[in-house]
DNA sequence: ATTAGCAACGAAAACGTTTTCGTGTTGACA
DNA sequence: TGTCAACACGAAAACGTTTTCGTTGCTAAT
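Chains as they are written, first to last, in the working numbering: chain A, 1 to 346; chain B, 1 to 346.
This is the structure:
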């Protein structure tokens, strides 16, 4: 086992100074051709690579990006990461991942772990607990120390930083309009509690669409699911809520759900109740996951373009990091959604 | 914007030496109570945190783990990462992610980027291209330089390192046995080309189960899909292959697929051909993804326990990193699979 | 024969820590 | 009064780089 070789060892071995070795490896004009060749050959032989940590300390930059997301076992978030990784790598950056697991404390701890020199900047999506508690001091402090942040998807106005979002209300308005245009008279929405910003916005889009079509919203058709209950395993409660929705409102002929899973489960319930999709009832979900594509019938969804969001976020951050002038101005990029039509709608 | 404060600045401000500050913050007995209090108070006020990079350079360890996986938009891999992150964080480590995107070159580049001091050890799953080319020199070199590697899922005997795998042949043998036990007489398998080690092993388990039941394998019932063709978008070719399989062998009454997607698509094709699941034909897949759980009918699968694999891999690596004695011995941990029975089997 | 100038290289600081090994001051004790 | 611990603190090396600023020794020009 031969440990990694350093400049010092090369210098000693070849009986020159460390500076000479460093310069020779950078092809500096200060060093004679002979010496350069000798040193370069030796370095190649021993497979020399500069130590990244030493470089980071020297340059005061690490060339790595910290990403903090609420959950990784999630199609949307992993697509975002793929996007981030893609452009980060292309521009010579590494990506280090922290999971908040939707917890405020873990979000704070993760940020502290990374903010002490390990990374040059953050890309993150806020955890539900943080959104609920509305405690954003850790973001403010981080930014205050000169570390840039880019937020995506779940953002908050209170913080001044770059943001990448989708037009949630517009996306859902389009979706609901599609249902109405297709002839649905009673469109229900399955959404989350209001503290989840995207849930709130998507509900808003639903209402706007109804208004455009001159329909008065019926509160019985708005199901706000408590997200706490939908923890991987007890989905039965969700199923029951949806079943209740259908039974109490037998006139429902269209459903818009603010995520993929809700839509899939709703379709299942509907089918069990003997309804035909899309003849009797039509469905649209949100997010472009695997479920939508491979369900039967496949689900029409509002595509969120996760990878594109990740790419854009990484570009914003790196641009910011590599910008010369110190004045900071913040941009908000809106990624357009589009409706992917599949079998669950006419 | 106040930049992060350093020991030097504190020392200057309080008119003591750097060493004194350092010791005071570690509550060293060398420093008087008065001075300690003064320094600690000042440090707290300015929110001092030691610079991670400097610590890494000093200690020659970074407390971060490098993870290289072929693909992140994949339920299994993201579960593994979740497992890794869980125990890594618990034990004070960070996780830095590299995606090989199933490419040999990207795997090599990623390893080089990280192996130069950025991390203490690797956890990885080999890319398909690497498996195909059977070029493992980058692994050997890394290990040779004293950087430990833990491989999971896609491993290779040729390399001497810790490994976390599942018993692929046993898992698939169990699954196929279940089908046979349930009365299936003609069980087909949908698998990958043989260079994917797990595909090969799972095919082997299929054959073993047949043998146990005294059935001679029928090569017409073994469909080896070329993985290149199944790239997210042109799944039609896969569908057609499967359709061919069913049409040419109308007696098929059981299907074992080496992954979730193949099984789901096969079910879809079968249903379109008018077969009833599970009455006419039963299905079992491999991996525990979202599709299996939420498909209709839901799919019986061999559960791979991705998160557990990740946890175990991280434990192996960190144990290795923190072990005192230098002699290296390598362990291979086998995670047990189990059959999750759902609606696609009787 | 000076000296300016150049080519080739080395010394040292700097990045932010930790840690070892001084060193100076105080107090107690003989 | 002189000696020696004990105490409290500082200087400096080390981790591996890069870069600035010398410092040589030589050639060529005056």
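Even for Gly, the Cβ is constructed at its ideal location relative to N, Cα and C.
Quick check on the burial criterion: 16 or more other C-beta atoms within 10 angstroms. Buried or exposed for residue i?
| i | result |
| --- | --- |
| residue 350 of chain A | Nothing about residue 350 of chain A can be read from this structure; chain A reaches only from 1 to 346. |
| residue 29 of chain A | exposed |
| residue 147 of chain A | buried |
| residue 45 of chain A | exposed |
| residue 137 of chain A | exposed |
| residue 120 of chain A | buried |
| residue 348 of chain A | The question about residue 348 of chain A has no answer, for chain A in this structure spans 1 to 346. |
| residue 202 of chain A | buried |
| residue 41 of chain B | exposed |
| residue 101 of chain A | buried |
| residue 2 of chain A | exposed |
| residue 334 of chain B | exposed |
| residue 78 of chain A | buried |
| residue 205 of chain B | buried |
| residue 168 of chain B | buried |
| residue 26 of chain A | exposed |
| residue 307 of chain A | buried |
| residue 304 of chain A | buried |
| residue 332 of chain A | exposed |
| residue 36 of chain B | buried |
Determine the closest residue to residue i out of the options, with distance taken between C-alpha atoms.
| i | options | result |
| --- | --- | --- |
| residue 98 of chain B | A:67, A:116, A:124 | A:67 |
| residue 293 of chain B | B:78, B:263, B:322 | B:263 |
| residue 53 of chain B | B:44, B:47, B:63 | B:63 |
| residue 50 of chain B | B:10, B:302, B:73, B:251 | B:10 |
| residue 265 of chain A | A:305, A:283, A:279 | A:283 |
| residue 105 of chain B | B:116, B:134, B:280, B:343 | B:134 |
| residue 301 of chain A | A:236, A:287, A:307, A:295 | A:287 |
| residue 345 of chain A | A:80, A:331, A:253, A:209 | A:253 |
| residue 60 of chain B | B:258, B:321, B:337 | B:321 |
| residue 130 of chain A | A:141, A:35, A:107, A:36 | A:107 |
| residue 279 of chain A | A:343, A:261, A:290, A:115 | A:343 |
| residue 157 of chain A | A:139, A:145, A:144 | A:139 |
| residue 193 of chain B | B:116, B:291, B:258 | B:258 |
Between residue i and chain B, is there a C-beta pair that is closer than 8 Å?
| i | result |
| --- | --- |
| residue 145 of chain A | yes |
| residue 116 of chain A | yes |
| residue 94 of chain A | yes |
| residue 113 of chain A | yes |
| residue 14 of chain A | no |
| residue 124 of chain A | no |
| residue 99 of chain A | yes |
| residue 268 of chain A | yes |
| residue 327 of chain A | no |
| residue 343 of chain A | no |
| residue 107 of chain A | no |
| residue 308 of chain A | no |
| residue 85 of chain A | yes |
Against chain A, does residue i count as a neighbour if the rule is that its beta carbon must be under 8 Å from one of theirs?
| i | result |
| --- | --- |
| residue 291 of chain B | yes |
| residue 78 of chain B | yes |
| residue 73 of chain B | yes |
| residue 294 of chain B | yes |
| residue 1 of chain B | yes |
| residue 4 of chain B | yes |
| residue 264 of chain B | yes |
| residue 81 of chain B | yes |
| residue 236 of chain B | no |
| residue 102 of chain B | no |
I want to check one thing, is the minimum distance from the CB of residue i to the heavy atoms of the ligand FMN below 7 Å?
| i | result |
| --- | --- |
| residue 157 of chain B | The ligand FMN is absent from the structure shown, which contains no ligand whatsoever. |
Give me the subset of the stretch 44–61 of chain A whose CB atoms are less than 8 Å from a CB atom of chain B, sorted by chain position. 47, 49, 50, 51, 52, 53, 54, 56, 57: these are the residues of the stretch 44–61 of chain A whose beta carbon lies less than 8 Å from some beta carbon of chain B, given in chain order.
Counting Cβ pairs, one atom from each stretch, are 3 or more of them under 8 Å apart for the stretch 149–164 of chain B and the stretch 178–187 of chain B? Short answer: they don't touch.
Does the stretch 183–203 of chain A come close enough to the stretch 167–175 of chain A that 3 or more CB-CB pairs lie under 8 Å? Yes: at least three Cβ pairs fall under 8 Å.
With a cut-off of 8 Å, do at least 3 Cβ pairs link the stretch 72–85 of chain B to the stretch 94–111 of chain B? The stretch 72–85 of chain B vs the stretch 94–111 of chain B: in contact.
Please determine if the stretch 306–316 of chain B and the stretch 236–255 of chain B are in contact, where contact requires at least 3 C-beta pairs separated by less than 8 Å. Contact between the stretch 306–316 of chain B and the stretch 236–255 of chain B is absent: fewer than 3 CB-CB pairs across the two stretches fall below 8 Å.
Would you call the stretch 18–28 of chain A and the stretch 2–9 of chain A touching, i.e. three or more CB-CB distances under 8 Å? With contact defined as three or more Cβ pairs closer than 8 Å, the stretch 18–28 of chain A and the stretch 2–9 of chain A are in contact.
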